[in-house]
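Protein chains in written order, with the working numbering: chain E, 3 to 498; chain L, 184 to 507. Here a beta-carbon is modelled for each residue, glycine too, at the ideal position from N, C-alpha and C. Notes to accompany the following structure.
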Amino acid sequence: MPMLRKNKAVRAAIFLLGAGLFLLLAPSAQAAKIGDLADLNFADQILRFFSMKDPSVRYALLGSIFLGVSCGLLGSFIVVRKMALVGDTLSHAVLPGVAAGFLWNMSKDPAAIFIGATIAGLLGTAVVSLIKQTTRLKEDTVLGMVLAGFFAVGICMVTMIQHLPTGNKSGIDKFLFGQAAAISEGDVKLMGIVTLLSVAVVLFFYKELLITSFDAGFARAAGFPVQLIHYTLMLLLAFSVVISLQAVGVVLVSAMLITPAAAAYLLTDRMHRMLLLAAGFGMLAGTSRAFFSFLGPSLPTGPFMVLGASVVFALAFFFGPRHGVVMKWWHHRSRADRVQRENTLKSIYHVLEGREFKGEGVSLRELADRRRETIEEVQTQAKDLKRQGLATLHEEGNLIFLTPDGWLRACSIVRNHRLWELYLTNAAQIAADHVHEDAEKIEHVLGEEVVRELERRLQYATKDPHGRPIPSIEDIQRGLAGLSRREDLVGYGKRS
Amino acid sequence: MNSLVPPFDLQQFFLGPWNGDVAGSNFWIVLMGFLVTTACGLVGNYLILRRMALVGDAISHSVLPGIAIAFLISQNRGTLSMFLGALAAGIVTTVIIEVIHKKTRVKQDAAIGIAFTSLFAIGVILISIYTSQVDLDQECVLYGEIAFVPIEPPVKFGGVVLGPLPVVRMGIVAALTILLIWVFYKELLVSSFDPGLALSLGINATLVHYALMSWLSVVVVSAFESVGAILVIAMLILPGATASLLSDRLPVIMGMTVVHAALSSILGVHLATWLNCSSAGAMVVMASVLFTLAWIFSPHDGLIRRFVFRRFLRHEAPAVAEIS
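Spelled out as structure tokens, the structure:
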């Protein structure tokens, strides 16, 4: 029942999120009225909080946080469903509905605009799926067409309204880019209702949403109402686009849906964590927007909110622990360093093997000749080995002695290389002079388990295809000192 | 409601735009709309074929910061700086989308959404901070000011007055678009339909991709002032989509694109005059109406034909099968 447990975890987490939201806002309510605060208990604070004594700032902040949460949650689903641009189309398609809702009684009545915009948005998505089903046009073309067609109808209606005698000061153009100052109490209530609804739906139908998002075929086979869930998601999406209109504007709403969710997608592999992160990022962007609209009321606030979200995405893109570009580069770098070190160790082993393990240490000159590199290059490699505790340097850095660790690593690399060569010639029937290149690559990534398996399959062979001995566990354990005293390597498998 | 939609009068609808004093300016508006839709539609055909319609959407938004920055740097509204800014913005957008899409597991559609919204947001912020220097307002960005085209300063060439600057510029861009498509027809065709074959023929598909995106930015920016950032998408996609419902042959589709452009711009001006609304918006509305007509009545696979065919399958086909 891992699904059930996760479901509970999500519920708990979202509850915490809600609680955190309260905690976040309670101090701001306190700060506003710091003078007469002493005798307030928690219930009074909540009352004070909902009565909103300093409306403009708190409406803006609260509204931004609501829409950050609902857009983040729903955006996560559309991003993993590869429907990111459906949100874009939806957000443009609501414009005629906004205009129609405005015409209802020639004022910015939130309810009328909400209903009109939702109907227009759903109509847009319905037209998209209808055109997709009945023509050969591809999805991107259809999305672009519906987006522009509906938007054009909306633009015509808006310009017609503006040409009316009463229309010019209607503020309907504020829907295009958003303005926080235009948010009223009714708007905030609407936002709260929609956010609660989205959170509730995500909580109670988490399993259904998850399955239909990741494996629609399985969901259909298991008897889930895939179409119904799809349209429920579309309805919620339309709701949250509509409530975001005033704050962000028609044009940039899709950013609030896509960007926080995509940033969260880069940071985690688990859907419930992605939902929480996306909601958190949405809130962050919303808060930054409220802050900027507080700083400069004349600035269009939607773009700042979008930029806030973009900055979060850029941070995740570059510094995300698993998928971030910088981290990937860093991993690549450190892997390249390790391969380089192991190759140096292997060359030292070869030099030692070349003189049958007699004599102490390897000089830089010998190593350079072996690796066909300059003394300087070999010197940096030797210093790197020393830093890693794999070798010690003597005679002013000219003589390299392997430490026990270094010897161990050198042996295992050579063993990996030779085992693999032997395996390729024996099992894959590749000519002995063609196996070296492949072994050069694989020697760095063979794990202990694979090595044991190879040894078993090769029946503990002692010589590689070129006739050189494969260092055995016993050789490794005796160490370099013990080895040079004896005549030569035991080779693998001789001990039994 | 009554005051919003004027009564429909057929004679007024057809003759209104060509009445004495407004006829001259409406001529330029229709011509501008036609040139914009032709240039965009021809380039858009390739976007549709390459399933990159929404990359067109992205670039049409992201030329905005390009133009704004170019204006700020050059301190004038010259055509050249505008084109350079748009070119740079177009290439930056394409690169950002590629990088996000290739370097992470974010899918292309989300990458497009992130890229264009961020750039567009930067553009809007720039034009609202530097309003005095940039001289673009937010409404213009959204749906353009094609109505102001006729009052732009006219261009004279060899003593002959050719027309307002935006129209002449758009005409040159449209002509160049046709020329480029004619010259590179084979390269565009092959790399759009079969990138593998293009590679084996020695056509650099990446180069074609970036060249197409660059030219798209040029077309978009010259259309920008008159139709705005969002309606450009309609001009890019609608003509090609309508034509591709009616034919399978690319040359035929190209021809129909031009016809669609002419019809939608003329009918759009009529609609705008009747309703007293944005001309560019009205053109797109008419373009959508034309698409809807093609969708319903297309002899290929229009809704009606589909319906009739399905009935045939259900009622007639079993009978035919029994006989044979």
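Please list, in chain order, all residues of the same chain as residue i whose beta carbon is under 6 Å from its beta carbon, the five residues on each side excluded.
i: L:L218; result: M353, G354, A357
i: E:I231; result: E210, T214
i: E:F68; result: M193, G194, T197
i: E:S78; result: A263, M276, L277, A280
i: E:D90; result: S256
Report yes if the CB atom of residue i is closer than 8 Å to the CB atom of residue j, and no otherwise.
i: E:G310; j: E:S290; result: yes
i: E:V100; j: E:G118; result: yes
i: E:V71; j: E:M285; result: yes
i: L:V403; j: L:V391; result: no
i: L:I329; j: L:M469; result: no
i: E:L238; j: E:S200; result: yes
i: E:Q342; j: E:Q390; result: no
i: L:I436; j: L:N228; result: yes
i: E:T120; j: E:V204; result: no
i: E:A318; j: L:A293; result: no
i: L:F407; j: L:I283; result: no
i: E:M147; j: L:L421; result: yes
i: E:I402; j: E:G363; result: yes
i: L:T276; j: L:F303; result: no
i: E:A338; j: E:V314; result: no
i: E:A441; j: E:H419; result: yes
i: L:V332; j: L:I212; result: yes
i: L:S383; j: L:I231; result: no
i: E:V380; j: E:L395; result: no
Can you find the residues in the same chain that come closer than 7 Å, C-beta to C-beta, to residue i, ignoring five residues on each side of it along the sequence?
i: E:G188; result: P112
i: E:S246; result: L69, C73, V255, M258
i: L:I386; result: E370, V373, S374
i: L:E335; result: P347, L348, P349
i: L:S405; result: R352, M353, V356
i: L:V297; result: Checking the displayed sequence, the identity of residue 297 of chain L turns out to be Ile instead of Val. For L:I297, where only same-chain residues beyond five positions count, the Cβ hits under 7 Å are I283.
i: E:I48; result: With a pLDDT of 43 at E:I48, under the threshold of 50, the modelled position of that residue is not reliable, and no figure is offered here.
i: L:P248; result: A272, L302, I305, G306, L309
i: E:G408; result: L347, L387, L392, A393
Using a beta-carbon distance below 8 Å, is residue i in contact with chain A?
i: L:N459; result: The chain inventory of the structure shown lacks chain A, comprising the protein chains E and L.
Against chain E, does residue i count as a neighbour if the rule is that its beta carbon must be under 8 Å from one of theirs?
i: L:G273; result: no
i: L:R497; result: no
i: L:F474; result: yes
i: L:R494; result: no
i: L:L363; result: no
i: L:L421; result: yes
i: L:A426; result: no
i: L:W478; result: yes
i: L:I329; result: no
i: L:V401; result: no
Consider the Cβ of residue i: report whether some Cβ of chain L lies at a distance smaller than 8 Å.
i: E:V130; result: no
i: E:Y462; result: no
i: E:Q123; result: Checking the displayed sequence, the identity of residue 123 of chain E turns out to be Gly instead of Gln. Judged by the 8 Å Cβ criterion, E:G123 is not in contact with chain L.
i: E:L277; result: no
i: E:F2; result: Not covered by the structure: residue 2 of chain E. The range shown for chain E is 3 to 498.
i: E:K140; result: yes
i: E:G146; result: yes
Leaving out five residues on either side along the sequence, give the residues of the same chain with a beta carbon under 8 Å from the beta carbon of residue i.
i: E:A240; result: L92, V96, A119, T120, G123, L124, T127
i: E:S349; result: L369, R372, R373
**Report entry** Runs of alpha helix (DSSP H) wholly within the segment 222 to 260 of chain L (minimum 4 residues, chain order)
**Finding:** 236 to 257
Query raised in the report: Which whole runs of the alpha helix (DSSP H) in the segment 416 to 469 of chain E are 4 residues long or more, in chain order?
Result: 438 to 444, 450 to 459
Requested in this report: Report the residues of the segment 210 to 238 of chain E with a CB closer than 7 Å to any CB of chain L, ordered along the chain.
Outcome: none
Requested in this report: Would you list, in chain order, the members of the segment 64 to 78 of chain E that have their beta-carbon closer than 9 Å to a beta-carbon of chain L?
Outcome: When C-beta distances to chain L are compared with 9 Å, every residue of the segment 64 to 78 of chain E stays at or above that value.
Query raised in the report: Can you list, in chain order, the residues of the segment 286 to 302 of chain L whose Cβ is nearer than 7 Å to any Cβ on chain E?
Result: K286, T287, R288, V289, K290, D292, A293, I295, G296, I297, T300, S301
Query raised in the report: Which parts of the segment 337 to 385 of chain L are runs of the alpha helix (DSSP H), unbroken and 4 residues or longer, counting only runs that do not cross its ends?
Result: Runs found: 348 to 366, 368 to 376, 378 to 383.
**Report entry** Residues from the segment 151 to 170 of chain E in contact with chain L, defined by Cβ distance under 7 Å
**Finding:** G151, F153, A154, V155, I157, C158, T161, M162, H165, L166
**Report entry** Segments of 4+ residues assigned as alpha helix (DSSP H) that fall wholly inside the segment 386 to 433 of chain L
**Finding:** 388 to 429
**Report entry** Where the segment 230 to 259 of chain L meets chain E: residues whose CB sits under 9 Å from a CB there
**Finding:** Those would be L230, I231, R234, M235, A236, L237, V238, G239, D240, H244, in chain order.
Query raised in the report: According to a CB-to-CB cut-off of less than 7 Å, which residues of the segment 433 to 461 of chain L neighbour chain E?
Result: Within the segment 433 to 461 of chain L, the qualifying residues are L458, N459, C460, S461.
Query raised in the report: In chain order, which beta strand (DSSP E) runs of at least 3 residues are fully inside the segment 285 to 355 of chain E?
Result: none
Query - Ordered list of alpha helix (DSSP H) runs contained in the segment 80 to 142 of chain E, each at least 4 residues - result: 86 to 95, 97 to 107, 112 to 136
Query raised in the report: Name the residues in the segment 315 to 328 of chain E whose C-beta lies less than 7 Å from a C-beta of chain L; which are they?
Result: F315, F319, H325, V327
Query - Contacting positions in the segment 409 to 436 of chain E - beta carbon closer than 7 Å to chain L - result: none
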